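A quick write-up on the structure given underneath.
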Amino acid sequence: MPPVLALHLVTFFFFLAYGLALPVLPLYLKALGLGSQAIGLAVALMPLAGLLLRPWGGHAADAWSRKKPAAIGLLASALAGLCYLGRLPLVLVGRLFQGAGMALFAPSTLAHTSDLAPREALGRVMGTRNLLIGLGVMLGTALGGFLVDRFGPRPVFLLILLVQLPWLPLLLSLPEGLEAPAGGRWWEGFLRALAIADVRAATVANAGFATVFATLQAFYPIYLVHRGFPASWVGGFFAYYSLISVFARMPAGALVDRYDSARVAVYGFAAASAGFFLLWLFPTPWPAFLGGTLMGAGAGVYLPANIVTVTRATPPGLRGAAFSLFTASWDAGGLVGPPLAGVLVAAAGDAALFPFAALGALLTTLAYLALLPSR
Numbered sequence: 017m018p019p020v021l022a023l024h025l026v027t028f029f030f031f032l033a034y035g036l037a038l039p040v041l042p043l044y045l046k047a048l049g050l051g052s053q054a055i056g057l058a059v060a061l062m063p064l065a066g067l068l069l070r071p072w073g074g075h076a077a078d079a080w081s082r083k084k085p086a087a088i089g090l091l092a093s094a095l096a097g098l099c100y101l102g103r104l105p106l107v108l109v110g111r112l113f114q115g116a117g118m119a120l121f122a123p124s125t126l127a128h129t130s131d132l133a134p135r136e137a138l139g140r141v142m143g144t145r146n147l148l149i150g151l152g153v154m155l156g157t158a159l160g161g162f163l164v165d166r167f168g169p170r171p172v173f174l175l176i177l178l179v180q181l182p183w184l185p186l187l188l189s190l191p192e193g194l195e196a197p198a199g200g201r202w203w204e205g206f207l208r209a210l211a212i213a214d215v216r217a218a219t220v221a222n223a224g225f226a227t228v229f230a231t232l233q234a235f236y237p238i239y240l241v242h243r244g245f246p247a248s249w250v251g252g253f254f255a256y257y258s259l260i261s262v263f264a265r266m267p268a269g270a271l272v273d274r275y276d277s278a279r280v281a282v283y284g285f286a287a288a289s290a291g292f293f294l295l296w297l298f299p300t301p302w303p304a305f306l307g308g309t310l311m312g313a314g315a316g317v318y319l320p321a322n323i324v325t326v327t328r329a330t331p332p333g334l335r336g337a338a339f340s341l342f343t344a345s346w347d348a349g350g351l352v353g354p355p356l357a358g359v360l361v362a363a364a365g366d367a368a369l370f371p372f373a374a375l376g377a378l379l380t381t382l383a384y385l386a387l388l389p390s391r
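To get the working numbering, take the position in the sequence shown, counting from 1, and add 16.
Right under this line is the structure:
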């Protein structure tokens, strides 16, 4: 099997397992007796662990190995499924494990993919990777919602382990993409990566949209269930906008091979922002799927465009650090969004999450335009 294809396959199953927990965990935490603020804090444990481990993970990808940090991350994420089967303290440990897994797996595999991909097809390779991520999350959320309605949460959590663990040998068998390990202190690479204007703009924008999507993932399930919709509707909505995102990623990859990837990303940010405003106007199914269409299309365009922007702007020896910063923005958004929204929801009701997300998306788009260097 070609190494890029094998890496894509492992990535798909990693994110399928991640998607399994999305519609299940907030409802499970609610069933354990946690209130809105506590749920927001519990959900934020995953990005907190990610932020703490990103510096080590990014430096390890540049100075030690591309694939070994990813393998440790895959194992940690698989073990999170076992932790979710326990009582509340163990569930919280599992959330930390899942955050650690994402912190190690995502930047290492991004850097590894950029090493293995042909330069002339970088956009299409990254578009395919993002297509598989979206497809994995989409199938995971749909399957998670279906299973929890019929069998409860425990089979879903066990499936997280069973979906991820078998792929560890394949990941370790891949060729090492890192040709010349970077020297120096871990923080030097991050400072050099942060000095690149395109990396800064892409990272800030990613953080803003991670904030609003994490808010939606944490509280939209509760909003719908409070209004009489079953968990399968929650999984169906998340699966739907993931499906739209999947369909957008391959054309987006072709566009960024042909045009300036940073400018392509602007159109994705604008579409996703419009989707959040539509969801504010029409928050329940079926009309909610109108917003989901634009949210998914926007994410499907800006995600590969942002990744290619970072890849093109960064020397190979700094890509672990650059992608660590870039993917840390997902954790930063997940850490900030749910707790803030939890306070807002506790004070103003769960419908307050919609203006919070829509206005956050708009402000993020404007910030990206302000930070983007002149072309």
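Here a beta-carbon is modelled for each residue, glycine too, at the ideal position from N, C-alpha and C. Bear in mind the structure is a predicted one, so any value in this text is a computation, not a measurement.
Apart from sequence neighbours up to five positions away, the residues of its chain that approach L188 with a beta-carbon distance below 7 Å are K83 and A87, ordered along the chain.
In this structure, T380 lies near F285, with their beta-carbon atoms less than 8 Å apart. Around F28, the same chain offers L148 and G152 as residues with beta carbons nearer than 6 Å, after the five sequence neighbours per side are excluded. The residues P85, A119, L120, P123, S124 and S340, in chain order, have a CB closer than 7 Å to that of G73 in the same chain once the five nearest residues on each side in sequence are set aside. With contacts defined by Cβ atoms closer than 8 Å, F342 and A218 form a contacting pair.
Per DSSP, reduced to three states, the secondary structure at S340 is helical.
If the five residues before and after R70 are omitted, its C-beta is found closer than 8 Å to the C-beta atoms of A119, P123, S340, L341, T343, A344 and D347, all from its own chain and listed in chain order. Around the beta carbon of H242, fewer than 16 other beta carbons sit within 10 angstroms, so the residue counts as exposed. By the criterion of a C-beta distance shorter than 6 Å, M62 is surrounded in its chain by R111, Q114 and G115, once the five residues flanking it on both sides are discounted. Residues S81, R82 and K83 of the same chain have their beta carbon placed closer than 7 Å to that of E192, with the five preceding and five following residues left out of the count. Taking all protein chains shown into account, G205 has 16 or more neighbouring C-beta atoms within 10 Å of its C-beta and is therefore buried.
Our two residues, F370 and F293, have alpha carbons roughly 8 Å apart in a direct line. When C-beta atoms of the segment 353–370 are compared with those of the segment 309–323, fewer than three pairs fall below 8 Å, so the two segments do not count as touching. In the structure shown, I88 falls within a helical segment according to DSSP collapsed to helix, strand and coil.
By the neighbour-count criterion, in which 16 or more other beta carbons inside 10 Å mark a residue as buried, M142 falls on the buried side.
Excluding the 5 residues flanking it on each side, A264 has same chain C-beta neighbours closer than 6 Å at A313, G316 and V317, in chain order.
Fewer than three pairs of CB atoms, one per stretch, sit closer than 8 Å, so the segment 229–236 makes no contact with the segment 92–103. Assignment of beta strand (DSSP E) within the segment 268–352, counting only whole runs of 3 or more residues, yields no such run.
In this structure, DSSP gives A54 a helical state, which the three-state scheme calls helix.
Less than 8 Å separates the beta-carbon of L334 from that of R208.
In the three-state DSSP reduction, Y44 falls in the helix class (H, G or I). In this structure the segment 47–57 does not lie against the segment 322–337, because fewer than three pairs of beta carbons, one per stretch, are closer than 8 Å. When DSSP states are grouped into helix, strand and coil, W72 belongs to the helix group.
L155 sits close to L32, with the two beta carbons spaced by under 8 Å. When the beta-carbon positions are compared, V172 and V59 stay at least 8 Å from each other.
Comparing alpha carbon positions, the residue from L351, H24, P389 and A367 closest to W183 is H24. In this chain, the alpha helix (DSSP H) harbouring G143 covers L138 to F167. Where I238 is concerned, the enclosing alpha helix (DSSP H) starts and stops at A213 to H242. Between V282 and T129, the gap from beta carbon to beta carbon reaches 8 Å or more.
Non-local C-beta neighbours of L163 in its own chain, meaning closer than 7 Å and more than five positions away in sequence, comprise P171 and V172, ordered along the chain.
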